[in-house]
Amino acid sequence: MRHRNLVELRGWCKHDQDLLLVYEFMPNGSLDAHLFGRGEVLTWAQRFGVIRGVARGLLYLHEEWEHVVVHRDVKANNVLLGADMGARLGDFGLARLYEHGAAPGTTRVAGTLGYMAPELTVTSRATTATDVFSFGALLLEAACGRRPVERGEAADVILVRWVRDCGLDGDLLRAVDPRLDGCYDAAEAKLVLWLGMVCSLGRPEARPSMRQVCQFLNGEKVLPEDSALVFSDPDSSVFLGPVLSAMTLPSSCGTMSFGSLHGGR
Numbered sequence: 001m002r003h004r005n006l007v008e009l010r011g012w013c014k015h016d017q018d019l020l021l022v023y024e025f026m027p028n029g030s031l032d033a034h035l036f037g038r039g040e041v042l043t044w045a046q047r048f049g050v051i052r053g054v055a056r057g058l059l060y061l062h063e064e065w066e067h068v069v070v071h072r073d074v075k076a077n078n079v080l081l082g083a084d085m086g087a088r089l090g091d092f093g094l095a096r097l098y099e100h101g102a103a104p105g106t107t108r109v110a111g112t113l114g115y116m117a118p119e120l121t122v123t124s125r126a127t128t129a130t131d132v133f134s135f136g137a138l139l140l141e142a143a144c145g146r147r148p149v150e151r152g153e154a155a156d157v158i159l160v161r162w163v164r165d166c167g168l169d170g171d172l173l174r175a176v177d178p179r180l181d182g183c184y185d186a187a188e189a190k191l192v193l194w195l196g197m198v199c200s201l202g203r204p205e206a207r208p209s210m211r212q213v214c215q216f217l218n219g220e221k222v223l224p225e226d227s228a229l230v231f232s233d234p235d236s237s238v239f240l241g242p243v244l245s246a247m248t249l250p251s252s253c254g255t256m257s258f259g260s261l262h263g264g265r
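Quick note on numbering: full-length UniProt numbering labels position 5 of the sequence shown as 5, and the sequence is numbered without any gaps.
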């Protein structure tokens with residue numbers, strides 16, 4: 001399994017019950033360290049490049065390899081950066097694979113708080129849709145410079161809810177990491193925040209596939225202007241009205257509207 005956006009396994013060694021895996025060296029560490037460490041702040045261009053790279057890696061795992069691979073632990077700490085700041089997804093310790101066209105089996109619930117899809121606790125089935133949910137959390141984390149769940153004095157701050165509130169207030173870009181000091185592409189930032197919300201939909205069947213996500217990030221598809229987010233669940237089960245049909249439209253059919261996220265029916 002080789003892809004430019006996956007950390008490459010270079011070798012392995014087994015002695016008795018001990019297994020040693022040797023991976024390529026990633027000199028720039030993890031995305032998590034860059035977002036929350038004390039080093040230089042990632043530029044918007046670097047963040048957007050990382051997002052697109054991880055999306056391509058997940059697309060390969062879900063659709064382009066000989067088996068379907070569900071990563072099960074997509075998060076900033078498992079996104080590693082090469083010398084060129086290119087993103088590679090690593091740590092496949094929780095990954096599960098199954099045949100294309102087959103149904104995934106049940107497994108123990110595993111993952112990281114804030115990245116885990118809500119249906120996992122009910123179905124115990126890790127699917128490509130649960131990976132998409134985790135990727136949605138990663139999108140918002142990269143754009144906002146905040147963790148999916150942050151401890152607060154009165155209550156925990158849930159990032160997806162906070163971004164939703166920014167949109168409902170008509171000021172979606174308020175969610176962008178203030179450390180960027182306004183130096184970012186507004187259209188790209190709106191796209192990333194919008195996609196982060198769409199990937200975080202409560203119903204797995206309403207989330208886009210990674211192929212659709214890549215098409216949005218590559219500018220091949222956009223949502224029509226009348227697409228509207230409808231926030232009907234205060235517990236972050238977000239529902240997007242016409243999003244599934246909109247995803248099948250060519251980009252010439254319309255443009256994405258970010259002026260108001262509360263214009264739904």
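In this text, a Cβ means the ideal position worked out from N, Cα and C, and glycines have one as well.
Note that the structure is a prediction, hence the values are computed from the model and not measured.
The alpha helix (DSSP H) enclosing residue i, as first and last residue numbers
| i | result |
| --- | --- |
| G11 | It is not in any alpha helix (DSSP H) - G11 instead sits in the beta strand (DSSP E) that spans 9 to 15. |
| D131 | 128 to 144 |
| V213 | 210 to 217 |
| M197 | 186 to 199 |
| W65 | No alpha helix (DSSP H) contains W65, which DSSP labels as neither H nor E. |
| A55 | 44 to 59 |
Cβ neighbour criterion (16 or more within 10 Å) applied to residue i
| i | result |
| --- | --- |
| D169 | exposed |
| P178 | exposed |
| S252 | Residue confidence for S252 is low, a pLDDT of 34 falling below 50, so the modelled location carries little weight and cannot support an answer. |
| V198 | buried |
| D131 | buried |
| Q17 | exposed |
| G167 | buried |
| H15 | exposed |
| S124 | exposed |
| P27 | exposed |
| H67 | exposed |
| T127 | buried |
CA-to-CA distance, residue j to residue i, given in whole angstroms
| i | j | result |
| --- | --- | --- |
| Y23 | D171 | 43 angstroms |
| G136 | L195 | 7 angstroms |
| E99 | V74 | 21 angstroms |
| F216 | R151 | 32 angstroms |
| W12 | T107 | 26 angstroms |
| L193 | L20 | 39 angstroms |
| Y184 | G105 | 42 angstroms |
| I158 | E63 | 31 angstroms |
| R211 | F36 | 29 angstroms |
| L9 | V109 | 26 angstroms |
| S200 | A129 | 10 angstroms |
| R203 | L89 | 25 angstroms |
| V160 | R2 | 32 angstroms |
Three-way DSSP call (helix, strand, coil) for residue i in this model
| i | result |
| --- | --- |
| T107 | coil |
| A222 | Reading off the sequence, residue 222 comes out as Val, not Ala. Residue state, collapsed to three classes: coil. |
| R125 | strand |
| C166 | helix |
| A206 | helix |
| P178 | helix |
| residue 286 | It is not possible to answer for residue 286, since the shown part of the chain is limited to 1 through 265. |
| L173 | helix |
| L35 | helix |
For residue i, the residue or residues it bridges with in DSSP
| i | result |
| --- | --- |
| V70 | R96 |
| S30 | L80 |
| L89 | L6, V79 |
| V157 | E150 |
Where the beta strand (DSSP E) through residue i begins and ends
| i | result |
| --- | --- |
| D18 | 18 to 23 |
Residue i Cβ short of 8 angstroms to the ligand FMN heavy atom set
| i | result |
| --- | --- |
| R207 | For the structure depicted, the ligand FMN is absent and the ligand set is empty, with no information on it obtainable. |
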